[in-house]
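Counting from 4, one number per residue, gives the positions in the sequence shown under my numbering. No residue lacks a Cβ here, since even glycine has one placed at the ideal position from N, Cα and C. Here the structure is a predicted model, which is why all the values come from computation and not from measurement.
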Amino acid sequence: MSIIIQEFKKHPIHNSLNDLSQVIKKIEKNKEVPEQQLEHITRLKLVQERLVRNLEAVDPFFVSKSTLDNINSNIVNSRNQLNAYMGNLNESYINNIRSYTNGILHIMSLLKNVKASDDIDNITTDISNFREFTSDLMNNMYKDYNEYVDKLKNEYNNSEQKINEQESKLEQISKLIKEERDRINSVITQAQNQINEFNAQFGKAQENRIESFSNLRDKFREDFKGLEHNMKEGFENLSNNIEENNHNEFSKLINEFQDTKEEFEEETSIRVEEYFKEFNEHKNNIEKILNSLGIKSMAGGYNEFANKEKKSRVIWQVATVLSIIGLIGFSINFVNSFKNLSISTNEVSWALFSSRIIVVSAIGTLTAYCSRQATKHLENERYNRQMQLELAAINPYLSILERERKDKIMEELAYRFFGRYDVIFSNDNKEDHEEKSRNTILLELLQKAFNMNNKTD
Numbered sequence: 004m005s006i007i008i009q010e011f012k013k014h015p016i017h018n019s020l021n022d023l024s025q026v027i028k029k030i031e032k033n034k035e036v037p038e039q040q041l042e043h044i045t046r047l048k049l050v051q052e053r054l055v056r057n058l059e060a061v062d063p064f065f066v067s068k069s070t071l072d073n074i075n076s077n078i079v080n081s082r083n084q085l086n087a088y089m090g091n092l093n094e095s096y097i098n099n100i101r102s103y104t105n106g107i108l109h110i111m112s113l114l115k116n117v118k119a120s121d122d123i124d125n126i127t128t129d130i131s132n133f134r135e136f137t138s139d140l141m142n143n144m145y146k147d148y149n150e151y152v153d154k155l156k157n158e159y160n161n162s163e164q165k166i167n168e169q170e171s172k173l174e175q176i177s178k179l180i181k182e183e184r185d186r187i188n189s190v191i192t193q194a195q196n197q198i199n200e201f202n203a204q205f206g207k208a209q210e211n212r213i214e215s216f217s218n219l220r221d222k223f224r225e226d227f228k229g230l231e232h233n234m235k236e237g238f239e240n241l242s243n244n245i246e247e248n249n250h251n252e253f254s255k256l257i258n259e260f261q262d263t264k265e266e267f268e269e270e271t272s273i274r275v276e277e278y279f280k281e282f283n284e285h286k287n288n289i290e291k292i293l294n295s296l297g298i299k300s301m302a303g304g305y306n307e308f309a310n311k312e313k314k315s316r317v318i319w320q321v322a323t324v325l326s327i328i329g330l331i332g333f334s335i336n337f338v339n340s341f342k343n344l345s346i347s348t349n350e351v352s353w354a355l356f357s358s359r360i361i362v363v364s365a366i367g368t369l370t371a372y373c374s375r376q377a378t379k380h381l382e383n384e385r386y387n388r389q390m391q392l393e394l395a396a397i398n399p400y401l402s403i404l405e406r407e408r409k410d411k412i413m414e415e416l417a418y419r420f421f422g423r424y425d426v427i428f429s430n431d432n433k434e435d436h437e438e439k440s441r442n443t444i445l446l447e448l449l450q451k452a453f454n455m456n457n458k459t460d
């Protein structure tokens, strides 16, 4: 066998390809690998398979050892990155794997492999594998999307169910109050009907008694004309007794009914007051919960804005330190430049001097601006931290106060929370105007120095 062929077959690239294939199979069995990262690993697998086929079809006499060494180096690096990726699934390893894969593809183009009919089948297989991978990826994406939509629907249904339960409770309380009110009206109407019925019966009985008395009186007049005075006297006594008895019975009945009515009204009034008291307690509890949620939401907003201001403050402080370092370095360079001037000639380049003054002034202005921005963000951070703490501590303080005192304090806090930020902006505008004035004066002085230098020349 030819020495070249033996060297080609014994080259480490073949073992490296086998090891790489084993590592890829282990990673594909891991269910925790994200789809986007798995796509790059699948690409490396396809490149490995294509490289194996190309090495089987290539003529060893037309392949240099350096080409195989370069490909083997990228394969070994890819295998090492895959082993490291299996430990913690860090995305940075995937980026390195992608770079090594591109390196393998670039060097593969140097292989002069023989084209055969199997290459067409390989291309067809690759296209089929790619379509299958794309289909699986789309199915997983649709599955995740449907799971997320179902989760949102469940959360919406739970929230809607809670709202319906609260509305149902309020409707039950309203329905109970309405039923009690209808029952009270029904009892009052029934009592009025009984009174009217009693009055009608009493009037009818009185008419019957009067009619009977008239008939009896006529009969007595006809039968006993001689005894008219005695009968009349007896009738008057009898009539007085009847009226007195009827009046006493009617008064007793009215008093009993009045007592019963008052007791019923008192009992009903107490029950209605209890229902309204319970309803007001539920209402106050709901208002307290909503108020607490609103305050917590406002405190969270101040906290979020304070965190943003803190990040901005740190950035501006770092920029200030860097500007100061640059200013110090340029100033040292500026001072050292005067040592190189010729003392015997006593010539000074005012243009060079002015340009360096402008650069130093620009760096100084940048340093001042960065410092002022850092100070402004620090003040905003402190302000929002203070607002967050005050909002978080306002509920325990207000819980022991009276209603009028609470309303007055909340009015003062509203003015404090929503009426101070314009003052901050006004101070910023004033500082910007002062900074602009200082920069304008400095530039005018430098312009005059430059003009004087031109006149001297």
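Residue i (DSSP reduced to helix, strand or coil)
i: I444; result: The predicted model places I444 with a pLDDT of 47, which falls under 50 and marks its position as unreliable; any figure quoted below should be read in that light. Three-state result, I444: helix.
i: E437; result: Caution applies to E437, whose pLDDT of 49 falls short of 50 and renders its modelled position unreliable; the value that the coordinates give is listed next. E437: helix per DSSP, three-state reduction.
i: L113; result: coil
i: S5; result: coil
i: K314; result: helix
i: N430; result: Note that N430 scores 49 on pLDDT, short of 50, meaning its location in the model is unreliable and no value can be drawn from it.
i: K228; result: coil
i: S347; result: Bear in mind that the predicted position of S347 carries a pLDDT of just 44, short of 50, making it unreliable; the figure below should be weighed with that in mind. Reduced to three states, the DSSP call for S347 is coil.
i: E405; result: coil
Cβ distance (whole Å) where residue i is taken to contact residue j below 8 Å
i: L20; j: L71; result: Not a contact, Cβ separation roughly 11 Å.
i: I30; j: L114; result: Not really, about 26 Å apart at Cβ, beyond 8 Å.
i: I97; j: H43; result: 5 Å
i: S464; j: C373; result: This structure cannot speak to residue 464, because the chain is shown only from 4 to 460.
i: D2; j: R82; result: The question about residue 2 has no answer here: the residues shown for the chain are numbered 4 through 460.
i: F260; j: I176; result: F260 to I176, Cβ: 33 Å. No contact.
i: V26; j: L108; result: At roughly 19 Å, the Cβ-Cβ gap does not stay under 8 Å, so V26 and L108 are not in contact.
i: Y305; j: Q391; result: 4 Å
i: K264; j: A203; result: That pair is no contact at about 20 Å.
i: E35; j: L92; result: 7 Å
i: V190; j: F267; result: 6 Å
i: A365; j: T323; result: Going by Cβ atoms, the distance from A365 to T323 rounds to 15 Å, so no, they are not a contact pair.
i: E38; j: N143; result: 6 Å
i: M46; j: T137; result: Before going on, a small fix: residue 46 reads as Arg here, not Met. Wrong, their Cβ atoms sit about 13 Å apart, outside the cutoff.
i: F11; j: V66; result: 7 Å
For this session: Any chance you could list the beta strand (DSSP E) runs of at least 3 consecutive residues sitting entirely within the segment 10-93, in chain order?
Result: none
Exercise. If we count Cβ pairs, one from each stretch, closer than 8 Å, do we get three or more for the segment 72-79 versus the segment 14-27?
Worked result: yes
For this session: State whether the segment 266-285 contacts the segment 172-191, with contact taken as three or more CB pairs (one from each stretch) at a distance under 8 Å.
Result: yes
Exercise. Any chance the segment 362-375 sits against the segment 314-332, with 3 or more Cβ pairs inside 8 Å?
Worked result: yes
For this session: Check whether the segment 55-63 touches the segment 162-181, counting contact only when three or more Cβ pairs, one atom from each stretch, lie closer than 8 Å.
Result: no
Exercise. Does the segment 374-394 come close enough to the segment 306-313 that 3 or more CB-CB pairs lie under 8 Å?
Worked result: yes
For this session: For the segment 195-275, list the beta strand (DSSP E) runs that are entirely contained and at least 3 residues long, ordered along the chain.
Result: none
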